[in-house]
Structures are given as C-alpha cells and as structure tokens.
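Heads up: the sequence shown runs through residues 190 to 365, numbered per the numbering used here. Written below as structure tokens is the structure these notes are about.
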Amino acid sequence: MQVGVTEVLPLAKTPITCAFSQMLAALTTHLVAERSFGTRDLSAAERALWLQEAALVRSQLLDLLIEIQETAQASPLDRPLVRMAGVVEWLVRSDEPDEFIRRFSALPGYAPFLSIPGADMASAAITALMRRAERGLEMLADLPRYRGAPACAQRHLAGSGPVQAADQVLAPLQAA
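Set out below in structure tokens:
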C-alpha cells in the first residue's frame, strides 16, 4: 500500500508503526513545501499563501509526531519509533536555520537511544522506517534555507570542528 511516496510496511503493524509511516509521508510533504520556496519569484499575495500552506503542512507533521509520542506502545519495537518521532519533532520545531543545524549536528550522539532490538523481520521493518526518517532529516538539512546557516554549524555537519556534547543538546529527548 502506498501513502504519498512512503510505502507502509506489512510487518510489525502497530498503531505506532502505522502513524510513523503516515508521519514519513507528512515529512515528505513538508520537504516538498520547503524545497519549493524560493524557486521562483512570488508576489506578496503568493508568498502569504505559500507561508500559510507551509504552516499547515508543518502543523500536520507536528500533530502526527505528537500523536506517535502519546500513543501507547504495543511492542518493544515501538520505543525506537517513539524516540525518533521525538527527534524529528525537536528538529522541526527549531525555527531558525542555525538552531536546526546545531541540533542536527548533535544527532550522532543520540544514536544509542535509537537502537533497534533484535535481528528478525519485524526489527528489519522498524530499521527501514528509522532509516527513512533519518534520510528525511538529512534532506531537510540540505535545503537551501539551512545551507545558509553559519559556517561553524556547517562544519559540524561535515564532522569537523568541536561539536557540543550531545547529552547537553539532546537532554529533553533522553527522557523519551
């Protein structure tokens, strides 16, 4: 079954995995909306309409992320998805490009909290969902809006220069 451009996996269907798949489609819609901004000259009215539509898309994405985090976990494999939803929400809520890049650069330190238990087919399906979310975050970081962030933050993305300790940056998410 297709949802937007994201396939809903037949394995490990729980309310959280289904909502996470819907969130991936919403993240794709958010990316498309963000990418389309600045690709052509807009009148003041067109710009206002674009901003209104982009805010609606972002709001829908955030609503899905909150739903995932508030849904009761039906499986131990739901926990990494709930945590990843927290990470995506944390990043999407950062309104300033330099804040987004600072947060994005700290994500490698959060990897232990996103580990998937097991090596069975259900774990593989969850891993695939997690990788799609990671790719969506990478695509967000690659948008022109964020590429214009300060050079210091860009070096963090490339892995050079000092990166602020992940446990400080990610403290709000570690409780998830």
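Just so you know, even glycine gets a beta-carbon here, dropped at the ideal spot from N, CA and C.
{"Check": "Could you tell me the distance, in whole angstroms, from the CA atom of ALA243 to the CA atom of GLU223?", "Outcome": "7 angstroms"}
{"Check": "Would you kindly work out how many angstroms separate the C-alpha atoms of LEU296 and LEU332, rounded to a whole number?", "Outcome": "18 angstroms"}
{"Check": "Kindly list the residues whose CB is nearer than 8 angstroms to the CB of LEU270, restricted to its own chain and excluding five residues on each side of it in sequence; keep chain order.", "Outcome": "ILE205, THR206, PHE209, ILE257, ILE315, LEU318, MET319"}
{"Check": "Quick one: complete alpha helix (DSSP H) runs, 4+ long, within the segment 205-275?", "Outcome": "233-259"}
{"Check": "Could you compute how far the alpha carbon of LEU231 sits from the alpha carbon of GLY298?", "Outcome": "40 angstroms"}
{"Check": "Between ARG247 and VAL281, how many whole angstroms is the CB-CB distance? I'm expecting something under 8 angstroms.", "Outcome": "7 angstroms"}
{"Check": "Taking TYR335 as the reference, give the member of LEU254, LEU220, THR260, ARG268 with the closest Cα.", "Outcome": "LEU220"}
{"Check": "List the endpoints of the continuous alpha helix (DSSP H) containing PRO286.", "Outcome": "286-294"}
{"Check": "Measure the Cβ-Cβ separation of MET273 and ALA237 and say whether it is below 8 angstroms.", "Outcome": "no"}
{"Check": "Thinking just about the alpha-carbon of each residue, which of ALA313, GLN211, ALA330, PRO265 is nearest to the one in LEU253?", "Outcome": "GLN211"}
{"Check": "Helix, strand or coil for ALA342 per DSSP?", "Outcome": "Low confidence applies to ALA342: its pLDDT is 42, below 50, so where it sits in the model is not reliable, and the reading given next is rough at best. Three-state result, ALA342: helix."}
{"Check": "Thinking C-beta only, is SER294 closer than 8 angstroms to ILE305?", "Outcome": "no"}
{"Check": "Is the beta carbon of GLN249 less than 8 angstroms from the beta carbon of ALA215?", "Outcome": "yes"}
{"Check": "Taking SER283 as the reference, give the member of ALA261, LEU326, THR218, ALA263 with the closest Cα.", "Outcome": "LEU326"}
{"Check": "Among PRO265, GLU285, LEU303, which one has its Cα closest to the Cα of LEU329?", "Outcome": "GLU285"}
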